[in-house]
Amino acid sequence: MDYLKKFSLEGKTALVTGAAYGIGFAIAEALAGAGAKIAFNCRGQEHMDKALAAYKEKGIDAKGYICDVTDETQVQKMVADIEADLGVIDILVNNAGIIKRIPMTEMSVEEFRQVVDIDLNAPFIMAKAVIPGMIKKGHGKIINICSMMSELGRETVSAYAAAKGGLKMLTKNIASEYGEYNIQCNGIGPGYIATPQTAPLRETQADGSRHPFDKFIISKTPAARWGDPEDLMGPAIFLASDASDFVNGHILYVDGGILAYIGKQP
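The numbering of the sequence shown is this note's numbering, which starts it at 25 and goes up by one.
So this is what it looks like as structure tokens:
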């Protein structure tokens, strides 16, 4: 048997939420490169237009859908539209998410709920919408984008850590509940990834030194660098493909070794 063929996604339909840029875009690009048909969502037309242009520049014929992933009615309609346009969804990547860096005692309940709604409730709504089709088809892959905050706490991210910790357990429970239907649900936990959103944390300071947070991350990472979105491509293809058919309920941390490392002695 040619085991490399097990990594092929030819003929598969993949939905990657929040894949207009950054990590989601890189994962969608990887899945497309492995042969999948790509669908993604945006909440507004302006982001959609920019995203479609970016996919076209990469030579990817992606289909975009306006949808708020926290709205179950909109999600059900999007899934039905994707099924009509591209076929039943084989692969769902729950990537859409936000973070609010606010000290817990200064964070409003509304802000906390917003983070949990997008980072935890939305993956539940999305998975609930696609699982029936996966059951009928006899297979399916769900990949939840977790975080190192699924395992660790840190200042100012109480809502994000609570949501990502919950997403880890939702991942395990989907695997437990639907594994018998040949549905695998796993997570990817990115480390600190160099994206436009994290660029300010990596800017050279006026005196020529590295940003303090940049130095902190490098010191805590055995790989001694930030990750690139491309570092997530291989893991995403693996978890989306037949090569991972007996991998279920697992969180694959792509963090350069941070979670394994206690740090250097001062």
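We put the beta carbon where it would ideally sit given N, CA and C, even for glycine.
Q. Roughly how far, in whole angstroms, is the beta-carbon of Ile149 from the beta-carbon of Thr94, given that I think they are within contact range, below 8 Å?
A. Indeed, because the Cβ distance is near 7 Å, the residues count as touching under 8 Å.
Q | Residue interval of the alpha helix (DSSP H) (run including Gln100) | A | Counting along the chain, the alpha helix (DSSP H) containing Gln100 begins and ends at Glu96 to Asp109.
Q: Go through the segment 219-245 residue by residue and report every complete run of the alpha helix (DSSP H) that reaches 4 residues or more, in order.
A: 236-244
Q | Whole-number beta carbon distance between Asp141 and Leu191, since they are thought to touch under 8 Å | A | 12 Å between Cβ atoms; not a contact.
Q. Below 8 Å between beta carbons: does that hold for Gly59 and Lys29?
A. no
(Q) Tell me which residues share the same chain as Val112 and place their Cβ nearer than 6 Å to its Cβ, disregarding the 5 neighbours each side in the sequence. (A) Gly157 and Lys161
Q) So, helix, strand or coil for Ala185, using DSSP? A) helix
**Q.** Run of the alpha helix (DSSP H) containing Ala79, from where it starts to where it stops
**A.** Going by the sequence as given, residue 79 is Tyr instead of Ala. Residues Gln69 to Glu81.
**Q.** CB of Tyr216 within 8 Å of CB of Trp250, strictly
**A.** yes
Q: Check whether the segment 84-94 touches the segment 126-133, counting contact only when three or more Cβ pairs, one atom from each stretch, lie closer than 8 Å.
A: no
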